[in-house]
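Protein chains in written order, with the numbering used here: chain A, 1 to 131; chain B, 1 to 312. C-beta: ideal position from N, C-alpha, C; glycine also. Because the structure is a prediction, the values reported are computed rather than measured. Beneath this line is the structure, given in structure tokens, with notes to follow.
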Amino acid sequence: MSDDTLQVELVAADRLVWSGEAKMLIARTTEGDVGILPNHAPMLSLMVDGVVDVQTTEGETWIAAVDAGFLSVAHNRVSVLAEHAEMSHEIDLEKARHDLERAKESGENDDEAQSAVRRHEARVRAAEQAS
Amino acid sequence: MALSLREYRARIKSTESMKKITRAMELIAASRIIKAQQRAQAAAPYARELTRAVSAVATFSNVDHPLTTEPEDPKRAAVLIVTSDRGLAGAYSSSVIKEAERLAQKLRAEGKEIETYICGRKGEGYFKFRARPVVQSWTGFSDQPTYDVAREVGDALISAFLRETGEEPGEDERGGVGVDEVHVVYTRFKSMLVQEPTATRLLPLEVIEGTEEPAEDDVLPLYEFEPSAAEVLDGLLPRYVQSRIYFAMLQAAASELAARQKAMKSATDNADEMIKKYTRIANQARQAGITQEISEIVGGVNALADANAGSE
């Protein structure tokens, strides 16, 4: 493991979604967006539903939509853990938009409905950014 | 042996069609086991990372969390029994239920009351038939559990655990009264041939699982917690519980399929044997019939010859 790359693992509850080397990773925690560069201090933080942005060493950008989960950084190893996670290319944009509309229209205003809206927004955003 | 040849033939036919069915079920179970094992493997990274993170938090902060605190005088214990939805899996469900009964007896001996939670229709049926109370049950997923189900089950158990003992649930909640301990009984998948009913205590959590020795460069990463250690732990522990339940369900699913494959294999073998036996008996009956016919003809001819000889 060299000193200037991050080993990233993007893990959902039922599978390993993506893993590889990266230059930078951006994720949204409860405190706001954080960018992780190599040699970041060890950190454990909670994430909210949102988009995770990974810039690989080859200059590619991978975008993933994740559920609330958490992020752990230690010794240039970054693990993003979420109950559900999808890479942007796995998301059907049309369907995601449709789901978002439906979630918004359901009109309920409790925590669950709001988190559903946020989750769908994240998926749409991830798919849009990738295309 | 008084049956006619036709009846034996009918029996052979029905045994053959039964054999086809059991054979098909055996093959289906065999192919699904592979998938179930793959699912269990796919879930491993999440569980591993989660365990690492939880033990990191537990090591570097002295935060007490309700989920890890031992109640002083445990009075009630919840038992989650993971059974199958469908039968034809040999002793799978009954052996896990037997294990649960053993655990229940032990807990009762310690003076605890039991609250039963169930996964799978077979367990539900067992308790309903005996008219014993079940707090909550979930069905319809036993051979391919999803994480969402595990989360639902986990949430129910955690909220029961966090409720004060003896406190009745609020109106909108379906769970039972609060409990001091949560146990899970499931079947551990050791190999294709060996599946073992196991009972483990889920809550209160004993986090540090000394299974993985930390690597050299892994010692003491002084984590920063965001927003705070307590809040991170708050987010982590329920997920940890859910992932443990998910693990139990995946193991149970693989075990169920393995048990079903074994049961169906021996059913197919037995059908084979029965077909062989009936074929022999049928052949015997056929030959007996032929012999009888011949002796009847011979007897008839002799009688005719005797009669003719007598008249001449």
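(message) Is there a Cβ of chain A sitting closer than 9 Å to that of B:Y46, yes or no?
(response) At least one chain A Cβ lies under 9 Å of B:Y46.
(request) Give a single yes or no on whether B:S191 has its beta carbon closer than 8 Å to a heavy atom of the ligand PLP. (result) Inclusion of the ligand PLP in the displayed structure is not the case, the ligand content being empty and no account of it being possible.
(request) Compare the C-beta of A:A41 with all C-beta atoms of chain B and state if any pair is closer than 9 Å. (result) Chain B contact via Cβ: present.
(request) Consider the Cβ of B:E173: report whether some Cβ of chain A lies at a distance smaller than 9 Å. (result) Annotation note: pLDDT 47 at B:E173 (below 50); position unreliable, coordinate value reported separately. Using a CB distance cut-off of 9 Å, B:E173 does not count as an interface residue toward chain A.
(request) Leaving out five residues on either side along the sequence, give the residues of the same chain with a beta carbon under 6 Å from the beta carbon of A:S45. (result) Only T29 and L71 meet the Cβ criterion.
(message) Suppose contacts are defined by Cβ-Cβ distances below 9 Å. Is A:T5 in contact with A:P42 by that definition?
(response) Contact: no.
(request) With DSSP collapsed to three states, give me the class of A:K23. (result) Look at A:K23 here: in three-state DSSP terms it is strand.
(request) Would you identify the three-state DSSP class for A:I63, choosing helix, strand or coil? (result) Under the three-state reduction of DSSP output, A:I63 falls in the strand class.
(message) Mapping the DSSP letters down to three states, classify B:Q144 as helix, strand or coil.
(response) B:Q144 sits in coil when the DSSP states are folded into three classes, being neither helix nor strand.
(request) List the DSSP bridge partners of A:S72. (result) A:L44 and A:S79.
(message) Let me confirm a value: B:R102 is counted as buried when at least 16 other C-beta atoms fall within 10 Å, else exposed. Which label applies?
(response) Flag for B:R102 reads exposed.
(message) Short of 6 Å in beta carbon distance, which residues of its chain neighbour B:R32, apart from the five on each side in sequence? Order them along the chain.
(response) A distance below 6 Å between beta-carbons, with the five flanking residues on each side excluded, links B:R32 to the following residues of its chain, in chain order: L257.
(request) Just mark B:T15 as buried or exposed, buried being the case when its beta carbon has 16 or more other beta carbons within 10 Å. (result) Looking at its Cβ environment, which holds 16 or more other Cβ atoms inside 10 Å, B:T15 is buried.
(message) Per the DSSP calculation, B:H183 is bridged to which residue(s)?
(response) Looking at the DSSP assignment, B:H183 forms a beta bridge with B:V79 and B:R201.
(request) In the DSSP assignment, find the alpha helix (DSSP H) that holds B:T291 and state where it starts and stops. (result) In the DSSP assignment, B:T291 falls within the unbroken alpha helix (DSSP H) covering A229 to S311.
(request) Compare the beta carbon distance of B:R39 and B:Q144 with 9 Å and say whether it is the shorter of the two. (result) Closer than 9 Å, so yes.
(message) Per DSSP, what are the beta-bridge partners of B:F225 in this structure?
(response) DSSP output for B:F225 lists A:L44 as bridge partner(s).
(request) Would you decide whether A:E9 is buried or exposed? Buried here means 16 or more other CB atoms lie within 10 Å of its CB. (result) Result: buried.
(request) Throw me the rounded Cβ distance for the B:V184 and B:L107 pair, which I believe falls under 8 Å. (result) The distance from the Cβ of B:V184 to that of B:L107 is about 13 Å, inconsistent with a contact at the 8 Å cut-off.
(request) Counting only the same chain and skipping the five closest in sequence on each side, list residues whose C-beta sits under 6 Å from that of B:M192. (result) Cβ within range, chain order: A258.
(message) Which residues does DSSP list as the beta-bridge partners of A:V52?
(response) A:V52 is bridged to A:A64.
(message) For the beta strand (DSSP E) containing B:I114, name the first residue and the last one.
(response) B:I114 -> beta strand (DSSP E) spans E113 to C119.
(request) Name, going along the chain, the residues of the stretch 177-196 of chain B whose beta-carbon falls closer than 8 Å to a beta-carbon of chain A. (result) Listed by position, the residues of the stretch 177-196 of chain B near chain A (Cβ gap below 8 Å) amount to none.
(request) Give a yes or no on whether the C-beta atoms belonging to A:H153 and A:D99 are separated by under 9 Å. (result) Outside the shown range of chain A (1 to 131) lies residue 153 of chain A, about which nothing can therefore be said.
(request) For the alpha helix (DSSP H) containing B:V96, list its first residue and its last residue. (result) Looking at the DSSP string, the run of the alpha helix (DSSP H) that includes B:V96 is Y92 to A109.
(request) Go ahead and pull the three-state DSSP assignment for A:G35. (result) Strand.
(request) Just grab the DSSP bridge partners of A:V133 for me. (result) Absent from the model: residue 133 of chain A. The displayed extent of chain A is 1 to 131, so no value can be given.
(request) Could you name the residues of chain A that B:P238 contacts, counting a contact when the two beta carbons are closer than 8 Å? (result) Within chain A, not a single residue places a beta-carbon under 8 Å from that of B:P238; the smallest gap is close to 11 Å.
(message) Which residues of the stretch 8-39 of chain A have a Cβ closer than 9 Å to any Cβ of chain B? Give them in chain order.
(response) Those would be E9, V11, A12, A13, D14, R15, L16, S19, T29, T30, E31 and V34, in chain order.
(request) Indicate whether B:A77 and B:D180 have their beta-carbon atoms separated by less than 9 Å. (result) Taking 9 Å as the cut-off, the Cβ atoms of B:A77 and B:D180 count as close.
(request) Give a yes or no on whether 9 Å exceeds the smallest Cβ distance from B:D217 to chain A. (result) Note on B:D217: pLDDT 47, under 50, position unreliable in the model; the coordinate value appears next. At least one CB atom of chain A sits nearer than 9 Å to the CB of B:D217.
(request) Taking only the alpha-carbon atoms, compute the straight-line gap between B:L222 and A:T56 and give it to the nearest angstrom. (result) Straight-line Cα distance between these residues: approximately 26 Å.
(message) Using a 10 Å radius around the Cβ and a threshold of 16 neighbouring Cβ atoms, would you call B:E273 buried or exposed?
(response) The residue in question, B:E273, is exposed, as its Cβ has fewer than 16 Cβ neighbours within 10 Å.
(request) Flag this pair as yes or no: are the beta carbons of B:Y46 and A:D14 separated by less than 9 Å? (result) Yes, the Cβ-Cβ distance between B:Y46 and A:D14 is below 9 Å.
(request) Output the boundary residues of the alpha helix (DSSP H) element that contains A:E105. (result) Boundaries of the alpha helix (DSSP H) harbouring A:E105: L93 to E105, taken from the DSSP string.
(message) Does the CB of B:R39 have a neighbour CB from chain A at under 9 Å?
(response) Yes, B:R39 counts as interfacial toward chain A.
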